[in-house]
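Letter 118 of the sequence shown, counting from 1, is numbered 118 in my numbering, and no numbers are missing.
Read through the structure below, which is laid out as structure tokens, and then see the notes.
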Amino acid sequence: MDVKTEKNTLRREALARRDAIDASERERKALEIAKRLLALPILRERSAIHVFASFRSEVNTFPILDELWRRGKRVVMPVIDAKKHEMFNKEVHSRHELSPGYMGIPEPSLELPEVAAEDIDIVLTPGAAFDAHGGRIGYGGGYYDRLLAASGALRIALAFDDQMVARVPREAHDLPVHAIVTESSLIRCGEW
């Protein structure tokens with residue numbers, strides 16, 4: 001099986017497992033992930049943090065966003081331009097600056113200040129499947145692959161235990177995450 005086919009199979013299986021988590025259980029697990037993440041000293045030390053707006057069955061990032069704003073962090077969120085196949089990073093100050101965008105995902109306005117990839121300290125990374133070595137399978141658009149390649153930021157994935165797999169096949173452009181935060185553990189995959 002070639003790498004793309006293997007990734008597609010793993011993506012489909014991991015998303016099916018994630019979607020199958022009962023909604024109330026998913027919310028409980030997401031709060032555990034948020035609590036574990038927000039307790040990390042590195043999150044207190046760094047200021048510009050890129051956070052995805054959760055969508056469908058992803059780990060709910062809104063409690064994380066609310067706490068980062070409360071702490072006075074510089075919150076950066078993505079805006080997708082599907083026609084140009086580009087992702088822009090915008091500084092966001094509250095939920096009120098978000099509205100449904102690409103695929104209905106909450107996004108900041110294009111008029112908000114843009115933040116250069118190299119000015120981001122931490123990228124909270126979404127994805128479909130992960131392995132304990134930092135391997136990540138995204139959703140197939142390549143938006144985060146390009147952001148991670150352009151930024152020297154610390155890469156922290158947020159995932160449910162059900163999204164962990166034994167091995168993620170990697171291609172040359174695939175950058176591993178430095179850590180994965182799940183409801184049961186912090187998995188360090190690289191040097192901070």
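Cβ coordinates follow ideal geometry from the N, Cα and C atoms, glycine included.
- When secondary structure is reduced to three states using DSSP, residue 60 falls in the coil class, being assigned neither helix nor strand.
- Annotation: residue 84 is outside any beta strand (DSSP E) and is labelled neither H nor E by DSSP.
- In the DSSP annotation of this structure, the continuous segment of the beta strand (DSSP E) that includes residue 99 starts and ends at 98-100.
- Bridge pairing for residue 1: absent [DSSP].
- Of all alpha-carbon atoms in 126, 177, 41 and 144, the one lying nearest the alpha-carbon of residue 191 is that of 177.
- Going by C-alpha positions, residue 83 is about 10 Å away from residue 102.
- Here residue 58 is buried, its C-beta having at least 16 other C-beta atoms within 10 Å.
- With a threshold of 16 other beta carbon atoms within 10 Å, residue 135 meets it and is buried.
- Ranked by how close their Cα comes to the Cα of residue 139, the residues 28, 48, 94 and 127 have 127 in first place.
- Counting only residues of its own chain and dropping the five nearest sequence neighbours on each side, residue 161 has a CB closer than 7 Å to the CB of 182, 183 and 184.
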